Amino acid sequence: AGLRQAEICERAGFEVNMHYAFSNVVAAENQLGRPEVALARARGSIARLDALGGGAGAGHLWLGAMNAEALLGRVDAAAAAGRTAYALLLREGDELRVFPGLALCAALRGRLADAARIIGYADAALERAGAVSERHWTTMSDRLNPMLSAGLPPAELARLRAEGAAMREEDAVRLALGSD
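In my numbering, the protein residues as written are 3 to 182.
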């Protein structure tokens, strides 16, 4: 469906919209376990949008790139893409979508307590916002949850997630995007 949407935009001469539509394809590629394909498509669309002057609307493409990099275990690249995705998606009111991937980045760096707090914040904030769960969140959770369960006792994990759920957004942002 995402490819069809992009084809329709392309045939109608809406190249910028075509690349925006590819964000759905990038998300699907990540969900299908093809992060290399997702990353290549995201990078190509981001570069073309920048050339066309449409880079400010590429937040979901950057989100897909961050998730792909995290799934590939390239934490520094994922965190850099996450910073860009957060800044762009903040303008759209869609910034909460970056937190599951950033929680995975923290876990991949061995910061399990921070990862538990970040995902605790994300889950609570998304629930408060009434967000419908999307598969890309599950993809990140499928990788993150076993790491947290293996590295933290259940009571501590529950406590840390509850701490995260009670955080203010600016504190969660600092924890997720701060330098480490």
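From the three backbone atoms N, C-alpha and C, an ideal C-beta is built for every residue, glycine too.
These numbers were taken from a predicted model, which means no experiment stands behind them.
Buried versus exposed, by CB contacts within 10 Å (16 or more), residue i
i	result
Leu-41	buried
Ile-10	exposed
Arg-163	buried
Leu-98	buried
Gly-75	exposed
Thr-140	exposed
Ala-168	exposed
Asp-52	exposed
Euclidean distance between Cα positions of residue i and residue j
i	j	result
Asp-182	Glu-71	Low per-residue confidence applies at Asp-182: pLDDT is 45, beneath 50, and the placement is therefore not dependable, though the value from the model is reported in the following sentence. Asp-182 and Glu-71: Cα-Cα distance of roughly 18 Å.
Leu-150	Ala-109	8 Å
Glu-12	Met-20	6 Å
Tyr-22	Gly-35	21 Å
Selected residue, minimal CA-CA separation from residue i, among the options
i	options	result
Phe-101	Ala-178, Gly-4 and Ala-133	Ala-178
Glu-158	Glu-31, Gln-7, Arg-50 and Leu-114	Leu-114
Tyr-123	His-62, Gly-112, Gly-103 and Gly-75	Gly-103
Asn-26	Val-18, Gly-66 and Leu-146	Gly-66
Limits of the alpha helix (DSSP H) - the one that residue i falls within
i	result
Ala-60	Looking at the DSSP string, Ala-60 is not in any alpha helix (DSSP H), and its letter there is neither H nor E.
Asp-116	114 to 130
Phe-16	Element bounds for Phe-16: n/a, residue is neither H nor E.
Leu-98	Run containing Leu-98: none; DSSP gives neither H nor E here.
Leu-159	156 to 167
Ala-49	37 to 54
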